[in-house]
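Undergrad: So the protein lines, in turn, are chains A and B. Heads up: the first sequence at position 111 corresponds to 110 in numbering that gives the first Met the number 0, and the numbers run straight through without jumps. Heads up: the second sequence at position 18 corresponds to 17 in numbering that gives the first Met the number 0, and the numbers run straight through without jumps.
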Amino acid sequence: MQTTITPPTRQRSLWQRWSWLLWVLVIGIIYFWTINGLKFSGFQESAASVSKSILHGLVHPTWSYVYDGSGEDLVSLILQTLAIAFLGTIVSALISVPFAFWAARGPKERYFLRSGSGKVVLTLIRTFPEIVLAIMFIKAVGPGSYAGVLAVSVHSVGMLGKLFGEAIENMDRGSEEAITSAGGRSGQVFVLATVPTIMPEFLSYTLYRFEIAVRSASILGMVGAGGIGTPLIFAIQTRDWSKVGIILLGIVVMVLLIDSLSEQLRKRLI
Amino acid sequence: MSTPTIPRRSWAQRYHVKGIGWTVLMLVLLVASAQMTGVNVGMFFSNLGQFTNLLVRMSNPAWDYTTVIIQPLLETIQMAILGTTIGAAFAIPFAVLSASNLIHNRWLRGLTRLFLDLVRTLPDLLLAAIFVAIFGIGSTAGVVTLAIFSFGMVSKLFYEVIETIDMGPLEALESVGATKITIIWYAVLPQILNQFISYFLYTLEINVRASTVLGYLGAGGIGVFLQRSLNEFNYNQTAVIILATLVVVLVIDGVSNHLRRVLL
């Protein structure tokens, strides 16, 4: 005798069976709207020749620009870019600490009024474009790398405050409780338990933010806030592609070096 | 009975050589950077009046400007969607090629990863400046910039996802003699699809933020109006643009966060 085994059929509702069609429709409409809405300027006639000269410039960079001792050469401007990023990151890390404690949800907090308001403020800071900040600071302290430092310091608070705050929320509260139960005052709890527990994470996030700051410091110069961006935008505007080539090479090497250095340091921290 | 002994601290530990060394290094770097960038704290405070004046003018937004910027704002979102899609599409083959559990050839993997690392070093505004020079002023330059920018980011996120998958189904298919394409289609794809979509949405969020400033260099979208208002010192219009951008970013973040929570 032979019995046939039928696989169990799962009863699925109409919605479960056909909801994918709705998704396809929604995504289709979004892409239809996107592609119809954008006006493609098309390729300019000069696009091919410009690309060719850019490639030619990248292959034949102006090596003499690397160092000429004038203080306006590639090496000194890259060092200046790194200085902007370094100083901006350190200042913003210091400013971020109180913001982080403001935005971190406490273990005993009930309605999240304090942490919620802190999170809103950090989101506001994060969305304020860095370029606009740089332009505002240029009005205050004049064009130059000082404005860049201020822009990086303020803008980074948005992200660092959020990351620090999340680190505080997820930290291990065990050592804090240990100090409290041994009779430590809140100041002692903070110094002996809270700070040592979160310090490695704070440092690691700061290093990570430094990597991002190096990238933004290299473009802040495009609006006049110091660093390597200023000669780059001039070189692009005057179509000096060999100079663009050497500056791009400089930025790529700088970013790669900083990224690998920071990665090594972060690996040793955690 | 043995008496407990306190472990001896080495000379370096006793005098905190490491800690003091790092502190000194940091201080030296700080002073050097401050000198190099010409930081002058006094100047900031003496010119604080100009800065607060700017903020005061911004705190009084010109609301009637809102109607002007709706169209460019939508264009910004369209640029972000298209750029992210193109970038993600190109990222998939590169992500497969750099995943160590799928590609066993070390040289091929190293080469694609080096290429991706190089792409990721370039900041978005720098790419925008170059593509505006190639394609001319307009949203095409913005879309290409965002496509390359998201390509670098998405491919890294994607290959990290691929590397964390469960290798069981792959081995099962391999043992019955399936080809590489079949393995990827039936064993890899079902495991990673949700995370791919989640990272795609995350990149879209970042691109919406990035695309709002790309126009500053002429690459289309709301940034063009941002630059115009700043150049004409119409800071009350700048304030409207920033607030509108904030609303768009928050809405996109909210939608994408919700979708990602549903997916994962």
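Ideal placement from N, C-alpha and C gives every residue a C-beta, glycine not left out. Quantities reported herein were computed from a predicted structural model and do not represent experimental measurements.
Below 9 angstroms on C-beta distance, what does ARG208/A contact in chain B?
TA: Locating residue 208/A in the first sequence gives position 209, where the first residue counts as 1. The premise fails here: ARG208/A is roughly 15 angstroms from chain B at the closest Cβ pair, so nothing lies under 9 angstroms.
Undergrad: Residues of chain A with a CB under 7 angstroms from the CB of TYR215/B: which are they?
TA: Here residue 215/B refers to the residue found at position 216 when the second sequence is read from its first residue. Those are ILE130, listed as they occur along chain A.
Undergrad: Is there at least one Cβ from chain A nearer than 8 angstroms to VAL223/B's Cβ?
TA: As a position in the second sequence, residue 223/B is number 224, starting the count at 1. Cβ-Cβ to chain A under 8 angstroms: no for VAL223/B.
Undergrad: For VAL23/A, count neighbouring C-beta atoms within 10 Å of its own C-beta (all shown protein chains included) and say buried if the count is 16 or more, exposed if not.
TA: In the first sequence, residue 23/A corresponds to position 24, counting from 1. Classification for VAL23/A: exposed.
Undergrad: If you run the structure through DSSP and keep just helix, strand and coil, what is ILE53/A?
TA: Taking the first residue of the first sequence as position 1, residue 53/A is located at position 54. Helix.
Undergrad: What whole-angstrom Cβ distance do VAL160/B and GLN194/B have, given they're in contact under 8 angstroms?
TA: For the purposes of this step, residue 160/B is identified with residue 161 of the second sequence, where counting begins at 1. For the purposes of this step, residue 194/B is identified with residue 195 of the second sequence, where counting begins at 1. Contact holds; Cβ gap of about 5 angstroms.
Undergrad: Please list, in chain order, all residues of the same chain as GLY244/A whose beta carbon is under 6 angstroms from its beta carbon, the five residues on each side excluded.
TA: The residue you call residue 244/A lines up with position 245 of the first sequence. So the qualifying residues of the chain are GLY56, LEU57 and PRO60.
Undergrad: Are MET166/B and ASN100/B closer than 8 angstroms when you measure CB to CB?
TA: Within the second sequence, the letter at position 167 stands for residue 166/B. Within the second sequence, the letter at position 101 stands for residue 100/B. Contact flag set, yes.
Undergrad: Looking at the unbroken alpha helix (DSSP H) that takes in GLY137/B, where does it start and where does it end?
TA: For the purposes of this step, residue 137/B is taken as the residue at position 138 of the second sequence. No alpha helix (DSSP H) contains GLY137/B, which DSSP labels as neither H nor E.
Undergrad: If you drop the 5 nearest sequence neighbours on each side, which residues of the same chain put their C-beta closer than 8 angstroms to that of ILE183/B?
TA: Looking up residue 183/B in the second sequence gives position 184. Here the set comprises VAL95 and LEU101.
Undergrad: Are the C-beta of PHE31/A and some C-beta of chain B separated by less than 8 angstroms?
TA: By one-based count along the first sequence, residue 31/A stands at place 32. Answer no: the Cβ-Cβ gap between PHE31/A and chain B never drops below 8 angstroms.
Undergrad: Hey, ALA128/B and ILE232/A: beta-carbon distance below 8 angstroms or not?
TA: Mapped onto the second sequence, residue 128/B falls at position 129. Mapped onto the first sequence, residue 232/A falls at position 233. Yes, the pair counts as a contact, with Cβ atoms nearer than the cut-off.
Undergrad: Among the residues of its own chain, which have a CB less than 8 angstroms from the CB of GLY214/B, if the five just before and after it don't count?
TA: As a first step, residue 214/B is located in the second sequence; it is residue number 215 there, counting from the start. PRO71, THR75, GLY141, GLY220, ILE221, GLY222, VAL223, PHE224, LEU225 and GLN226, listed in sequence order.
Undergrad: Going by alpha carbons, who is nearest to PHE89/B out of LEU28/B, VAL143/B, GLY135/B and ALA61/B?
TA: Numbered from 1 along the second sequence, position 90 holds the residue referred to as residue 89/B. The candidate whose alpha carbon is nearest that of PHE89/B is VAL143/B.
Undergrad: Measure the C-alpha to C-alpha separation of GLY223/A and THR51/B and round it to an integer number of angstroms.
TA: Numbered from its first residue, the first sequence carries residue 223/A at position 224. Numbered from its first residue, the second sequence carries residue 51/B at position 52. The alpha-carbon atoms of GLY223/A and THR51/B are separated by roughly 20 angstroms.
Undergrad: Thinking LEU132/A and ILE227/A are a contact (beta carbons under 8 angstroms), I'd like their distance in whole angstroms, please.
TA: Here residue 132/A corresponds to residue number 133 of the first sequence, with the count starting at 1. Here residue 227/A corresponds to residue number 228 of the first sequence, with the count starting at 1. Going by Cβ atoms, the distance from LEU132/A to ILE227/A rounds to 19 angstroms, so no, they are not a contact pair.
Undergrad: By the 10 Å Cβ neighbour count, where 16 or more other Cβ atoms means buried, how is GLY68/A classified, buried or exposed?
TA: Here residue 68/A refers to the residue found at position 69 when the first sequence is read from its first residue. Exposed, by the Cβ-count rule.
Undergrad: Any residues in the segment 95 to 119 of chain B with a beta carbon nearer than 8 angstroms to a beta carbon of chain A? Which ones, in chain order?
TA: Within the segment 95 to 119 of chain B, the residues whose Cβ lies closer than 8 angstroms to some Cβ of chain A are ASP116 and LEU117, listed in chain order.
Undergrad: Applying the criterion that 16 or more other CB atoms from any shown protein chain within 10 Å of the CB defines a buried residue, is GLU108/A buried or exposed?
TA: As a working note, residue 108/A is residue 109 in the first sequence. So GLU108/A counts as exposed.
Undergrad: Of all Cβ atoms in chain B, is any one closer than 8 angstroms to the Cβ of GLU69/A?
TA: The residue given as residue 69/A occupies position 70 in the first sequence. Residue 69/A is actually Ser in this sequence, not Glu. No, SER69/A lies away from the interface with chain B (no Cβ there is under 8 angstroms from its Cβ).
Undergrad: Leaving aside the five residues before and after LEU20/A along the sequence, list all residues of the same chain whose C-beta is less than 8 angstroms from its C-beta, in chain order.
TA: Looking up residue 20/A in the first sequence gives position 21. Within the same chain, LEU20/A has no close Cβ partners at all.
Undergrad: Take the Cβ of GLU129/A as the centre, count every other Cβ of all protein chains shown within 10 Å, and call the residue buried at 16 or more, exposed below.
TA: On the first sequence, residue 129/A is found 130 positions in, with the first residue counted as 1. Counting Cβ neighbours within 10 Å, GLU129/A comes out buried, since at least 16 surround it.
Undergrad: Have a look at GLY41/B, GLY253/B and LEU117/B and flag the residue whose alpha-carbon is nearest the alpha-carbon of GLY249/A.
TA: Taking the first sequence and counting its residues from 1, one reaches residue 249/A at position 250. Comparing Cα positions, the closest option is LEU117/B.
Undergrad: Against chain B, with Cβ distances strictly below 8 angstroms, would GLN79/A count as a contact?
TA: Position 80 of the first sequence, counted from the first residue, corresponds to residue 79/A. It does; some Cβ of chain B falls within 8 angstroms.
Undergrad: Indicate whether the contact test is met: 3 or more Cβ pairs, each with one atom in the segment 15 to 23 of chain B and one in the segment 250 to 267 of chain A, closer than 8 angstroms.
TA: Contact between the segment 15 to 23 of chain B and the segment 250 to 267 of chain A is absent, because fewer than three Cβ pairs lie under 8 angstroms.
Undergrad: Whose Cβ in chain A lies nearer than 7 angstroms to the Cβ of THR244/B?
TA: Translated into positions along the second sequence, residue 244/B becomes position 245. Within chain A, the residues near THR244/B are THR126.
Undergrad: What are the residues of the segment 142 to 153 of chain A that lie near chain B, defined by any Cβ-Cβ distance shorter than 9 angstroms?
TA: Cβ contacts with chain B come from GLY143, SER144, TYR145, GLY147, VAL148 and LEU149.
Undergrad: Over the uninterrupted alpha helix (DSSP H) stretch that includes TRP21/B, give me the two end residues.
TA: The count along the second sequence starts at 1 and reaches residue 21/B at position 22. Residues 16 to 36.
Undergrad: Does chain B have any CB closer than 8 angstroms to the CB of MET198/A?
TA: Within the first sequence, numbered from 1, the residue matching residue 198/A stands at position 199. Not closer than 8 angstroms to any Cβ of chain B, the Cβ of MET198/A fails to qualify, so no.
Undergrad: Applying a beta-carbon distance threshold of less than 9 angstroms, which residues of chain A neighbour VAL212/B?
TA: In the second sequence, residue 212/B corresponds to position 213, counting from 1. Within chain A, the residues near VAL212/B are PRO128, GLU129, ILE130 and VAL131.
Undergrad: With DSSP as the reference, label SER99/B as helix, strand or coil.
TA: Residue mapping note: residue 99/B aligns to position 100 of the second sequence, counting from 1. Of the three classes helix, strand and coil, the one that applies to SER99/B here is coil, per DSSP.
Undergrad: Within 8 angstroms of any Cβ in chain B, is that where the Cβ of VAL25/A sits?
TA: Reading the first sequence from its first residue, position 26 is the one you call residue 25/A. Judged by the 8 angstroms Cβ criterion, VAL25/A is not in contact with chain B.
Undergrad: List the residues of chain A whose Cβ lies closer than 8 angstroms to the Cβ of ILE37/B, in chain order.
TA: If you number the second sequence from 1, residue 37/B lands on position 38. Note that residue 37/B is Gly in the sequence shown, not Ile. Within 8 angstroms Cβ-Cβ: GLY143, SER144 and TYR145.
Undergrad: Counting contacts by CB-CB distance shorter than 8 angstroms, is PRO122/B in contact with chain A?
TA: Counted from its first residue, the second sequence places residue 122/B at position 123. Closer than 8 angstroms to some Cβ of chain A, the Cβ of PRO122/B qualifies, so yes.
Undergrad: At a threshold of 7 angstroms, does PRO199/A count as lining the ligand PLP (C-beta to nearest heavy atom)?
TA: Only the bare structure without any ligand can be found here, which leaves the ligand PLP out of the picture.
Undergrad: How far does the alpha helix (DSSP H) with LYS38/A in it extend, from its first residue to its last?
TA: The residue labelled residue 38/A in the question sits at position 39 within the first sequence. Careful: LYS38/A lies outside any alpha helix (DSSP H) and carries neither H nor E.
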